[in-house]
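Asker:
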Amino acid sequence: MDWTFWLEWVLKGFVLCLVLLTGFAYLTYYERRALARMQNRIGPNRAGPQGLLQPIADAVKLFFKEELTPARAYKIVFFLAPIVTVVPSLIIAAVIPWGTSFQLFGRTITLYVADINVGVLYLMSIASIAVYGIVLAGWSSNNKYAMLGGMRSSAQMISYELALGLSFVTAILLANSMRMIDIVNAQSSWWFVVIQPVGALIFWIATLAEVNRAPFDMPEAEQELTAGYHAEYSGMKFALFFMAEYQKMIVICAILATLFFGGYLGPFVDKFWFLGPVYMFAKVFILLFFMIWVRATWPRIRYDRLMSFGWKVLVPLALAVVFITATGILLAQELNNQLYFWAIPFVSIVAAGIAVMMIYRELRRKAYERA
Amino acid sequence: MTAEQIVFLIVALVTLGSAFMVVTTRNLIHAALWLVATLFGVAVVYALLNAGFLAVVQVVVYIGAIAILFIFAVMLTRKDARDSGPQTHKNWWVGALLAVASYLGLSALVLGWSGSSKAAAGLPSGFDAVGQLGEALTSPNAYVLPFEVASVLLLAALVGAVYVAFNRK
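So this is what it looks like as structure tokens:
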């Protein structure tokens, strides 16, 4: 453990934070431009060429905004809540591998900050800490609407965390390891999205709920729900919540790319190390586009339906998918027949189809009762 | 003193200090937050002992689920989070006596054990701690019975909670 070792760690952590912060700024630009295209508008195009300086203008505006603290707020907690929201969204990225490794000054430098043998569980634990910021922000504002909003969002996050954890389990089962590097390397022949498409889909839906994105974006519902936990926040404190949301979007797309879309793997990545981050960036970029697309096309889901969808559909379906995956792997191993392994995607899709059928029938029945 | 010992001492002090704050602070939400700090300290102790899996599970289960439920319960049931009643029970000395007795007993046990003064041997490289733990929990020669009994107990508690909360028309 010499000092260069520590220097390497500090530098890598610093670069990662920098990438995420810049990524956050330009993700807002990307989202606004892409949304505008889908809605037949132009979007921000005034500041700089093609509006490229818009995020900087936004940041300057937020710095100069007046920051209000409600008179009866619980000051310390009110101040702490945005920090508690932002920090997990940064440190969760520590275990994501962005590439293989390269040689610099005779040292092998790996393209990830930490390689821990329980990487996937680390993701779960940090995601569960993120709930605190929202609960505390809602409570410390001393405003009943903010508190109800905080309750709503945190209940949503805790509920969807179960489905999220179970979809992690499918990837762990397929890779036979909880280490992120092993999970990526296990996908060198087939991406896990091919073997377990339903697991990836559940992950996708659950993460949309985890980061409070459309169609599960209750905190954005100003008109009908008086926004959410951040109703009393303004200026930079509000910007921190905003930042956490967008950083979580980036990180969660990176996790999805790592667990189900082959991570940094791609053609020639074992020859040229710099292709790893490029592939990773491309995958994250495409997945982010899907997130924006969902926001542009789907109306917000009602809160009680959101909860019943999470508990009555996603969790049972995720359990079934985990069972199907585990059974398929075990049968292929015991009977030495790869046919069972390749039955996993088909049986999973059938299970998902049954779930969709059941939702459809339930909704039809409700419509019939109302009529 | 090695660096590891210094880190351990700092973590232990922080953990004990926040545990002390849990029982002395008047504001219930602050008490819950100090409890989170205490649980986090315990997780760091696990990490120092090379038990990464336990450390992460400690964070997921205790901080991510149990402490958040405490905060929910306080927020939903109390209008004022400040507690004004007396902070000690009239039988506090019995509790103190029990605590001192169990501390002395544990110390005597640990000091009497020959391994307590030896440094821990490093794990062999490629040691699959998580796999070993999983096998220990599901192998009939190891701990499958206590593990299953604990899960049945938790299931019973879950069913009981639903039964208590169920609104019979």
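As you go down the protein sequences, you meet chains F and L in turn. Start counting the first sequence at -5; every next residue gets the next number (my numbering). Start counting the second sequence at 426; every next residue gets the next number (my numbering). Think of the CB as a built atom: it goes at the ideal place given N, C-alpha and C, for glycine as much as any other residue. In this text the structure is predicted, and so the values were computed from the model without any measurement.
Just reading off the alpha helix (DSSP H) that Ile189 of chain F is part of, what are its end residues?
Answerer: Start and end: Phe186 to Ile189.
Asker: Give the straight-line distance between the Cα atoms of Leu234 of chain F and Phe210 of chain F, rounded to the nearest whole angstrom.
Answerer: Approximately 20 Å, taken between the alpha carbons.
Asker: Counting only the same chain and skipping the five closest in sequence on each side, list residues whose C-beta sits under 7 Å from that of Arg364 of chain F.
Answerer: Cβ within range, chain order: n/a, list empty.
Asker: Does DSSP put Asn206 of chain F in a helix, in a strand, or in coil?
Answerer: Asn206 of chain F: coil per DSSP, three-state reduction.
Asker: Should Gln33 of chain F be labelled buried (16 or more other beta-carbon atoms within 10 Å of its own) or exposed?
Answerer: Answer is exposed; the Cβ neighbour count stays below 16.
Asker: Using C-beta distances below 8 Å, list every residue in its chain close to Val436 of chain L, excluding the 5 sequence neighbours before and after it, in chain order.
Answerer: If we look at Val436 of chain L and ignore the five residues flanking it on each side, its Cβ neighbours are Gly466, Val469, Val470 and Leu473.
Asker: Go ahead and pull the three-state DSSP assignment for Thr104 of chain F.
Answerer: Thr104 of chain F falls in the strand class under three-state DSSP.
Asker: Reducing DSSP to helix, strand and coil, say where Asn452 of chain L ends up.
Answerer: Strand at Asn452 of chain L.
Asker: To the nearest angstrom, report how far apart Leu562 of chain L and Phe572 of chain L are at their CA atoms.
Answerer: Distance between the alpha carbons of Leu562 of chain L and Phe572 of chain L is about 6 Å.
Asker: Quick check: the segment 91 to 108 of chain F against the segment 154 to 167 of chain F, are at least 3 beta-carbon pairs closer than 8 Å?
Answerer: As far as the Cβ criterion goes, the segment 154 to 167 of chain F does not touch the segment 91 to 108 of chain F, which means the pair count is below three.
Asker: Report the CB separation of Leu311 of chain F from Ala346 of chain F in whole angstroms; it is logged as a contact under 8 Å.
Answerer: 6 Å between Cβ atoms; contact.
Asker: Mind checking if Leu250 of chain F is an interface residue toward chain L, Cβ cutoff 7 Å exclusive?
Answerer: Output row for Leu250 of chain F: interface = no.
Asker: Grab the span of the alpha helix (DSSP H) containing Asn179 of chain F for me, first residue to last.
Answerer: Counting along the chain, the alpha helix (DSSP H) containing Asn179 of chain F begins and ends at Met174 to Asn179.
Asker: Alpha carbon to alpha carbon, how far is Ala476 of chain L from Val569 of chain L?
Answerer: Their backbone Cα atoms lie some 20 Å apart in a straight line.
Asker: Can you tell me which residues form a DSSP beta bridge with Leu98 of chain F?
Answerer: DSSP lists F:Arg101 as partners of Leu98 of chain F.
Asker: Identify the contact partners of Met500 of chain L in chain F, using a Cβ-Cβ distance below 9 Å as the criterion.
Answerer: Under the 9 Å cutoff, chain F gives Val129, Gly132, Trp133, Met141, Gly144 and Met145.
Asker: Along chain L, which residues have their Cβ under 7 Å away from the Cβ of Ser389 of chain F?
Answerer: Since the first residue shown for chain F is -5 and the last is 365, residue 389 of chain F is missing from the structure and cannot be characterised.
Asker: Quick check: is the beta carbon of Tyr354 of chain F nearer than 7 Å to any beta carbon in chain L?
Answerer: Not closer than 7 Å to any Cβ of chain L, the Cβ of Tyr354 of chain F fails to qualify, so no.
Asker: Return the first residue and the last residue of the alpha helix (DSSP H) that Met145 of chain F is part of.
Answerer: Lys138 to Ala169 is the span of the alpha helix (DSSP H), which, as asked, contains Met145 of chain F.
Asker: Could you check if Asn516 of chain L is buried or exposed, using at least 16 other CB atoms within 10 Å of its CB as the buried criterion?
Answerer: The residue in question, Asn516 of chain L, is exposed, as its Cβ has fewer than 16 Cβ neighbours within 10 Å.
Asker: To the nearest angstrom, how far is it from the Cα of Tyr297 of chain F to the Cα of Met174 of chain F?
Answerer: Straight-line Cα distance between these residues: approximately 34 Å.
Asker: Cα-Cα, which of F:Ala30, F:Ala51, F:Phe96 and F:Thr319 is closest to Phe268 of chain F?
Answerer: Cα-wise, what sits closest to Phe268 of chain F is F:Phe96.
Asker: State buried or exposed for Pro76 of chain F, treating a residue as buried only when at least 16 other CB atoms are found within 10 Å of its CB.
Answerer: Buried, because 16 or more other Cβ atoms sit within 10 Å of the Cβ of Pro76 of chain F.
Asker: Listed from N- to C-terminal order along the chain, which residues in the segment 154 to 174 of chain F have their beta-carbon within a distance smaller than 7 Å of any beta-carbon of chain L?
Answerer: Answer set for the segment 154 to 174 of chain F: Met172.
Asker: Out of L:Thr449, L:Leu458 and L:Gly520, which one is the CA nearest neighbour of Ser509 of chain L?
Answerer: Checked all of L:Thr449, L:Leu458 and L:Gly520; the closest Cα to Ser509 of chain L is L:Thr449.
Asker: Starting from Trp292 of chain F, follow the alpha helix (DSSP H) in both directions and report where the run begins and ends.
Answerer: Run containing Trp292 of chain F: none; DSSP gives neither H nor E here.
Asker: Determine the closest residue to Gly556 of chain L out of F:Phe57, F:Ile120 and F:Ser171, with distance taken between C-alpha atoms.
Answerer: Ranking F:Phe57, F:Ile120 and F:Ser171 by Cα distance to Gly556 of chain L puts F:Ser171 first.
Asker: Give a yes or no on whether 7 Å exceeds the smallest Cβ distance from Ile493 of chain L to chain F.
Answerer: Chain F, which has a Cβ nearer than 7 Å to the Cβ of Ile493 of chain L, makes this yes.
Asker: Pick helix, strand or coil for Arg31 of chain F, following the three-state DSSP scheme.
Answerer: In the structure shown, Arg31 of chain F sits in a helix (DSSP, three-state: H, G or I).
Asker: Measure from the alpha carbon of Gly132 of chain F to the alpha carbon of each residue in F:Tyr227, F:Ala337, F:Val341 and F:Ala251, then state which is nearest.
Answerer: Out of F:Tyr227, F:Ala337, F:Val341 and F:Ala251, F:Tyr227 has the C-alpha closest to the C-alpha of Gly132 of chain F.
Asker: Please list, in chain order, the chain F residues whose beta carbon lies closer than 9 Å to that of Ala411 of chain L.
Answerer: Since the first residue shown for chain L is 426 and the last is 594, residue 411 of chain L is missing from the structure and cannot be characterised.
Asker: Leaving out five residues before and five after Glu61 of chain F in sequence, what residues of the same chain have Cβ atoms less than 8 Å from its Cβ?
Answerer: Counting only Cβ-Cβ distances below 8 Å, and skipping sequence neighbours, we find Ser228, Gly229, Met230 and Lys231.
Asker: Can you give me the C-alpha to C-alpha distance between Arg31 of chain F and Leu21 of chain F, rounded to a whole angstrom?
Answerer: When rounded, the distance between both Cα atoms is 15 Å.
Asker: Measure the C-alpha to C-alpha separation of Lys6 of chain F and Leu583 of chain L and round it to an integer number of angstroms.
Answerer: The alpha-carbon atoms of Lys6 of chain F and Leu583 of chain L are separated by roughly 45 Å.
Asker: Using a Cβ-Cβ cut-off of less than 8 Å, list which residues of the segment 462 to 480 of chain L approach chain F; keep chain order.
Answerer: Answer in chain order: Gly477 and Phe478.
Asker: For the segment 152 to 159 of chain F and the segment 199 to 207 of chain F, state whether three or more C-beta atom pairs, one from each stretch, are separated by less than 8 Å.
Answerer: Because the criterion of three Cβ pairs below 8 Å is met, the segment 152 to 159 of chain F and the segment 199 to 207 of chain F touch.
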